[in-house]
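Report on the following structure.
2 protein chains.
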Amino acid sequence: MKNLKLKSARAAKDLSQEQLAGLVGVSRQTINAIEKGDYNPTINLCIAICKALDRTLDELFWE
Amino acid sequence: MKNLKLKSARAAKDLSQEQLAGLVGVSRQTINAIEKGDYNPTINLCIAICKALDRTLDELFWE
DNA sequence: ACATTTTGTCAAGTATATTTTACAAATTTT
DNA sequence: AAAATTTGTAAAATATACTTGACAAAATGT
Numbered sequence: 002m003k004n005l006k007l008k009s010a011r012a013a014k015d016l017s018q019e020q021l022a023g024l025v026g027v028s029r030q031t032i033n034a035i036e037k038g039d040y041n042p043t044i045n046l047c048i049a050i051c052k053a054l055d056r057t058l059d060e061l062f063w064e
Numbered sequence: 002m003k004n005l006k007l008k009s010a011r012a013a014k015d016l017s018q019e020q021l022a023g024l025v026g027v028s029r030q031t032i033n034a035i036e037k038g039d040y041n042p043t044i045n046l047c048i049a050i051c052k053a054l055d056r057t058l059d060e061l062f063w064e
């Protein structure tokens, strides 16, 4: 299922998928796939995303 | 660095690495590697571990 | 309306998470 | 102290996260 919390947190910072990808050091497609859902990123990437968006793991990746 | 929060939470439930591995459906070595640190598990595995130990992502995998 | 940026998606390749088998060190049990 | 369980670790194989390049649809800006 889509990760709308991530999409929303990214929008709150006014960042494009490509900009967020650059901040955390992955490709744009990876960010897109995570938001799209049915994807299983590594915890280090999740942590990097959380820090870039000033959120915690529970806020963005806990159901 | 070692994940002592995970090690401690597992001990609190009196589970061996092998028992926890069975609960979350991975090998014992994977659990051992995560506790040892310098490892990068997937978010789905982290979530499964958290649920098995009645903890959240922030409690076990946030620094 | 046109131009630009952003997003969704696909296929083929590369990097790495995870498994399997195996053995020794350490810890716990009797 | 011996036996049994648990843990630490390693090498080779497999599964999958992530990349690169590319193109079209959708959204945004002028």
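For the protein sequence lines, the chains are F and R, in the order given. Quick note on my numbering: the first sequence kicks off at 2 and runs consecutively. Quick note on my numbering: the second sequence kicks off at 2 and runs consecutively. Yeah, the Cβ is synthetic: ideal placement off N, Cα and C, and Gly gets one too.
Q. Relative to the alpha-carbon of F62/R, which residue among A49/F, A53/F and G26/F has its alpha-carbon at the smallest distance?
A. In the second sequence, the residue the question calls residue 62/R occupies position 61. Ranking A49/F, A53/F and G26/F by Cα distance to F62/R puts A49/F first.
Q: Note the first and the last residue of the continuous alpha helix (DSSP H) segment covering E64/F.
A: The sequence position of residue 64/F within the first sequence is 63, counting from 1. For E64/F, no alpha helix (DSSP H) run applies, since DSSP gives it neither H nor E.
Q) Straight-line CA distance for D15/F to R29/R? A) As a first step, residue 15/F must be located in the first sequence, where it is residue number 14. As a first step, residue 29/R must be located in the second sequence, where it is residue number 28. Those two C-alpha atoms are separated by around 42 Å.
Q. Is the stretch 19-36 of chain F touching the stretch 15-27 of chain R, taking contact as three or more C-beta pairs under 8 Å?
A. Put simply, the stretch 19-36 of chain F does not touch the stretch 15-27 of chain R. Fewer than three CB pairs are less than 8 Å apart.
Q | Sequence-distant residues of its chain with Cβ nearer than 7 Å to A53/R (five each side left out) | A | Translated into the one-based positions of the second sequence, residue 53/R becomes position 52. Excluding residues up to 5 positions away in sequence, L21, L24 and V25 lie with their Cβ nearer than 7 Å to the Cβ of A53/R in the same chain.
(Q) Does A12/R pass the burial test, meaning 16 or more other C-beta atoms within 10 Å, or should it be called exposed? (A) Here residue 12/R corresponds to residue number 11 of the second sequence, with the count starting at 1. A12/R is exposed by the Cβ-count criterion.
Q: For E1/F, collect the residues of the same chain with a Cβ closer than 7 Å to its Cβ; drop the 5 residues on either side in sequence, then sort them by chain order.
A: Any question about residue 1/F goes unanswered here, given that chain F covers just 2 to 64.
Q: Please report how far the alpha carbon of C47/R lies from the alpha carbon of K3/R, in whole angstroms.
A: Here residue 47/R refers to the residue found at position 46 when the second sequence is read from its first residue. Here residue 3/R refers to the residue found at position 2 when the second sequence is read from its first residue. C47/R and K3/R have their C-alpha atoms roughly 15 Å apart.
Q: Establish whether the CB of L58/F and some CB of chain R are separated by less than 8 Å.
A: To locate residue 58/F, count along the first sequence from 1; it is residue 57. Taking CB atoms only, L58/F has a neighbour in chain R less than 8 Å away.
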